[in-house]
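*Asks:*
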Amino acid sequence: MATKNHELLNVLQMLVETPGPSGSEHLIRSKIEAEIRDHVDEVYTDALGNLIAKKGSKKEGGRRVMVSSHVDEIGLMVTHVDENGFARFITIGGVSPLTCLGGRVLFMNGTQGVIGMERLEANEQPSLAKLFIDTGATSKEDSKIGVGDVAGFERPFMNMGKRLVAKSMDDRAAVAVAIQALKAVESTPNEIFFVFSVQEEVGLRGAITAAYGVDPEVGIAVDVTRTGDTPKGVKMEVALGKGPAIKVRDSSFIADPRVVNWMVEEAKAQGLPYQMEVLEAGGTDGAAIQRTRAGVPAGCLSIPCRYIHSPSEMVDVDDLQQSVSLLTGLLSKSIEI
Amino acid sequence: MTEKFSPEFGQAELDLLSRLSNALAVSGDEQEVREIVYEQLQDFKDSMHTDAMGNVLVRHEGSGPNRLKVMVAAHMDEVGMMLTKEDGDGLFEFVVVGGVDPRQLVGKPVMVGRDHIPGVIGTKAIHLTTKEEREQALKVNALRIDVGLGGSKLVEIGDRATFSTTLQVLGPSLRGKALDDRLGVFNLIQLLKNAPENIDLLAAFTVQEELGLRGAITAAYQLNPDIGIAMDSTPANDLPHFDGEENTTHNTKLDGGPAIYLMDGATIGDRRLVKWLTETADAEGIPWQYRQPGRGGTDAGAIHKTRAGVPSVSVSVPQRYLHSPAGLVRIDDELNTLKLMHAALSRLDKSILIPQENK
Chain V
267 MATKNHELLN VLQMLVETPG PSGSEHLIRS KIEAEIRDHV DEVYTDALGN LIAKKGSKKE
327 GGRRVMVSSH VDEIGLMVTH VDENGFARFI TIGGVSPLTC LGGRVLFMNG TQGVIGMERL
387 EANEQPSLAK LFIDTGATSK EDSKIGVGDV AGFERPFMNM GKRLVAKSMD DRAAVAVAIQ
447 ALKAVESTPN EIFFVFSVQE EVGLRGAITA AYGVDPEVGI AVDVTRTGDT PKGVKMEVAL
507 GKGPAIKVRD SSFIADPRVV NWMVEEAKAQ GLPYQMEVLE AGGTDGAAIQ RTRAGVPAGC
567 LSIPCRYIHS PSEMVDVDDL QQSVSLLTGL LSKSIEI
Chain X
4 MTEKFSPEFG QAELDLLSRL SNALAVSGDE QEVREIVYEQ LQDFKDSMHT DAMGNVLVRH
64 EGSGPNRLKV MVAAHMDEVG MMLTKEDGDG LFEFVVVGGV DPRQLVGKPV MVGRDHIPGV
124 IGTKAIHLTT KEEREQALKV NALRIDVGLG GSKLVEIGDR ATFSTTLQVL GPSLRGKALD
184 DRLGVFNLIQ LLKNAPENID LLAAFTVQEE LGLRGAITAA YQLNPDIGIA MDSTPANDLP
244 HFDGEENTTH NTKLDGGPAI YLMDGATIGD RRLVKWLTET ADAEGIPWQY RQPGRGGTDA
304 GAIHKTRAGV PSVSVSVPQR YLHSPAGLVR IDDELNTLKL MHAALSRLDK SILIPQENK
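Line by line, the protein sequences give chains V and X.
In terms of this note's numbering, the first sequence opens at residue 267 and continues consecutively.
In terms of this note's numbering, the second sequence opens at residue 4 and continues consecutively.
#1: Determine the chain X residues that contact valine 676/V at a beta-carbon separation under 8 angstroms, and present them in chain order.
#2: Using beta carbons (cut-off 7 angstroms, strictly below), is isoleucine 271/X in contact with chain V?
#3: CA-CA distance, methionine 4/X and serine 349/X?
#4: Nearest to serine 591/V by CA position, among Lys449/V, Ile555/V, Gly494/V, Lys428/V, is which residue?
#5: Using the beta-carbon count (16 or more within 10 Å), is alanine 128/X buried or exposed?
#6: Grab me the residues of aspartate 348/V's own chain with a C-beta within less than 7 angstroms of its C-beta, minus the 5 sequence neighbours each way, in chain order.
#7: Tell me which residues of the region 286-308 of chain X have at least one Cβ-Cβ distance to chain V shorter than 8 angstroms, keeping chain order.
#8: Are the beta-carbon atoms belonging to isoleucine 306/X and alanine 223/X less than 7 angstroms from one another?
#9: So, for isoleucine 318/V: in the same chain, excluding its five sequence neighbours on each side, which residues have a beta-carbon less than 8 angstroms away from its beta-carbon?
#10: Quick one, which residues of the region 457-475 of chain V are near chain X if we go by CB-CB under 7 angstroms, in chain order?
#11: Applying a beta-carbon distance threshold of less than 8 angstroms, which residues of chain X neighbour arginine 429/V?
#12: Residues of chain V with CB under 9 angstroms from leucine 205/X, in chain order?
#13: Mind checking who arginine 385/V pairs with in its DSSP beta bridge?
#14: Once DSSP output is grouped into helix, strand and coil, what is the label at serine 317/X?
#15: Answer yes if the region 282-301 of chain X comes into contact with the region 409-416 of chain V, meaning at least three C-beta pairs across the two stretches below 8 angstroms, and no otherwise.
#16: Between the region 240-254 of chain X and chain V, which residues of the former have CB atoms less than 7 angstroms from a CB of the latter, in chain order?
#17: Answer yes or no: does any C-beta atom of chain X fall closer than 7 angstroms to that of valine 361/V?
#18: Determine the direct distance from the alpha carbon of threonine 283/X to that of glycine 268/X, and round the result to whole angstroms.
#19: Taking the C-alpha atoms as reference points, what is the distance between alanine 447/V and isoleucine 192/X?
#20: Lysine 180/X: buried (16+ other C-beta within 10 angstroms of its C-beta) or exposed?
#21: Quick check: what's the CA-CA separation for methionine 542/V versus valine 514/V?
#22: Counting only runs of 4+ residues fully inside the region 440-527 of chain V, write out the alpha helix (DSSP H) ranges in chain order.
#23: For serine 1/X, which option in Lys256/X, Tyr264/X, Leu131/X, Val188/X has the closest C-alpha, if you only look at C-alpha atoms?
#24: Select from Glu384/V, Leu397/V, His346/V the residue whose C-alpha is nearest the C-alpha of proline 363/V.
#25: In this structure, what does DSSP give as the bridge partners for glutamine 322/X?
#26: What residues from chain X crowd round alanine 388/V, counting only those whose CB sits closer than 7 angstroms?
#27: Give the C-beta separation of glycine 315/X and aspartate 273/X to the nearest angstrom, bearing in mind that I take them to be a contact with Cβ-Cβ under 8 angstroms.
#28: Among Val581/V, Ala564/V, Tyr573/V, which one has its Cα closest to the Cα of arginine 329/V?
#29: Are at least three pairs of beta-carbons, each pair with one atom in the region 498-514 of chain V and one in the region 353-373 of chain V, less than 8 angstroms apart?
#30: Taking 7 angstroms as the CB-CB cut-off, is arginine 275/X touching chain V?
#31: Distance check for glycine 218/X and valine 82/X, CA to CA, integer angstroms please.
#32: I think proline 510/V touches leucine 567/V, with their Cβ atoms under 8 angstroms apart; what is that distance to the nearest whole Å?
#33: Starting from the C-beta of alanine 76/X, find all residues in its chain whose C-beta is less than 6 angstroms away, skip the five residues before and the five after it, and write them out in chain order.
#34: Residues of chain X with CB closer than 7 angstroms to the CB of tyrosine 478/V, please, in chain order.
#35: State the DSSP-derived secondary structure class of histidine 345/X, mapped to helix, strand or coil.
#36: So which residues on chain V does proline 314/X lean against when the C-beta distance must stay under 8 angstroms?
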């Protein structure tokens, strides 16, 4: 287990420390490609930038399966640099002004910045219109960034032993799980397309086109999900450390009950802990896959994660390992749904 | 290379744009603009058709090797109103179609239906209103379109209505309604008439953009392009700030040239295409500006998610007072947009599709 953890943690750290907000996935895409190239039959980048890796070919009882984990993360895009060098921005994906305060950002061109705020009136709530990025520039001319430059949040990877913290655990924790499962699958009757999708955080856009291109018979999204185990948090059954979560529904789709059952049976067969996930708000690539062409049975393997869309997202290392086992098991056998 | 394309804005161009701008083509009833498109593109009649949604699709095949299939979209529809109920006496209740600010409606002359029956969105005269009434914006359900007694025989429930503004030249500017997106329609007609030979130009004059890019969804599926470009119009919020602060939310500025999109609410502009446009503009000495990343959407939002994905971007003519009875644009911004599009298409080849990290 220790060496398995070591490899998983190395992959995860590499992933979370690479910036890649939606629409700017070129760096993270090339790192993933380098990581998986030797373990797959074929790998290519599609028109929108999804990295798609094929492993296995269809044998009797096998299916064409799409496994989608998104490589993009939430971030910021500059809308204006003022005469004193302060940059105004718009969010890419669901960024709260509260988690921006005091934040540090890293631009795709390497420029660093911190987020500051205009003075608020009494009882005024922070809003994005009041925030700006200070890159240390003293004027517009001297600014190393301009309109359209993209930044991700900047925090180092933190290993607390059982718990792991980083920005972009959503969805790099799932990407790490997909990569480890991709390596672990040895023989399979299935034709598996591992899709490392783009632009999920702005509306599942990459998965929509990837699913059309792959034309799968079954789809699994791998993503993070909220937990209900923090003080006075959301009312929800899922907790950190209690195993992979099998999605029943979220606000983007109802997981196909046959896929849910398939996942439950595999977890039971392996003796893995698992949790049923009913998420009130949120969406995953599973929704995009389900509605592709004439329809695809689709579900989602979720990794419990605290503080989603903050710069300090927390997951549990055992949940990750068990998710790798569950996904590997699902993909290695014939699929009867 | 292709010969130099130097568009001008003479009487013929003004006449065509006036007809396009003055036409009534509120989303879902784009027939009047569709007819102008057909008339202008007689030479393409064998490669032009109207699809099930009402989009006009035109294919111009180039002649060079390894041609990219490039979809260029401009929407024919405009925001406006639709009659919903007759109250008698020539008065009609109505709903707005697309993004219309109800504060823009009161007291405006309008025209209704395909016969352009004149009417007015009336309201109580100032003599009769109280101070409190004048401080409140009127809601749409409190307004009526009045076509006058007898006029009610000439219009029907379901008819579309729009402002009866006619296009005017104001020195270096044009003032008119529906320049969003009749400028795009005008430009797409010009691009087809001067189509570059190095690409297959797949032109889509789309419907129902203002209601959620609906026409472009099916147009893009049918045309199945390699890349997509939406030509549209976007607000210029460039009036002076009277508090003396720097304007950080101008979106675009008049005289700034074509506005190239990095991100809006519906699309993240493909970086390769953004770069192709800005590099073309710089090489050709055409002024350009980024449209500030923000909300909103163009047909690119539908095109890029089509089938297995279509790298897409948008280019807009900056316009003051969008979605109002009278928008204002600069003729130079319009011509520079057309120039940029033509120059960019003329230098396009398949290398544009190489992923960013492999360049």
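For glycine and all other residues, C-beta sits at the position ideal for the given N, C-alpha and C.
*Replies:* Taking the geometry as given:
#1: Chain V is shown only over 267 to 603; residue 676/V falls outside these bounds and no answer can be derived.
#2: yes
#3: Caution applies to methionine 4/X, whose pLDDT of 44 falls short of 50 and renders its modelled position unreliable; the model cannot decide the point.
#4: The candidate whose alpha carbon is nearest that of serine 591/V is Lys449/V.
#5: Residue environment for alanine 128/X: exposed (fewer than 16 other C-beta atoms within 10 angstroms of its C-beta).
#6: Lys406
#7: Tyr293, Gln295, Pro296, Gly297, His307, Lys308
#8: yes
#9: Hits under 8 angstroms: Val309, Tyr310, Thr311, Asp312, Phe459, Phe460, Val461, Phe462, Ala476, Gly479, Val480.
#10: Of all residues in the region 457-475 of chain V, only Gln465, Val468, Arg471, Ile474, Thr475 place a beta-carbon less than 7 angstroms from a beta-carbon of chain X.
#11: Going along chain X, no residue has its Cβ under 8 angstroms from arginine 429/V, so there is no contact; the nearest lies around 33 angstroms.
#12: Within chain V, no residue comes near leucine 205/X; the closest Cβ sits about 16 angstroms away, beyond 9 angstroms.
#13: Paired residues: none, contrary to the question.
#14: strand
#15: yes
#16: Glu249, Thr251
#17: no
#18: 25 angstroms
#19: 53 angstroms
#20: buried
#21: 7 angstroms
#22: 471-480
#23: Nothing about residue 1/X can be reported from this structure: the residues present for chain X run from 4 to 362 only.
#24: The residue from Glu384/V, Leu397/V, His346/V with its alpha-carbon nearest to that of proline 363/V is Leu397/V.
#25: Pro238/X
#26: Going along chain X, no residue has its Cβ under 7 angstroms from alanine 388/V, so there is no contact; the nearest lies around 21 angstroms.
#27: Sequence check: residue 315/X is serine here, not glycine. Indeed, because the Cβ distance is near 6 angstroms, the residues count as touching under 8 angstroms.
#28: Ala564/V
#29: no
#30: no
#31: 15 angstroms
#32: Rounded, the Cβ-Cβ distance is 6 angstroms, consistent with contact.
#33: Ala207, Thr209, Ala219, Ala233, Asp302
#34: Arg310, Ala311
#35: helix
#36: Ala313, Leu314
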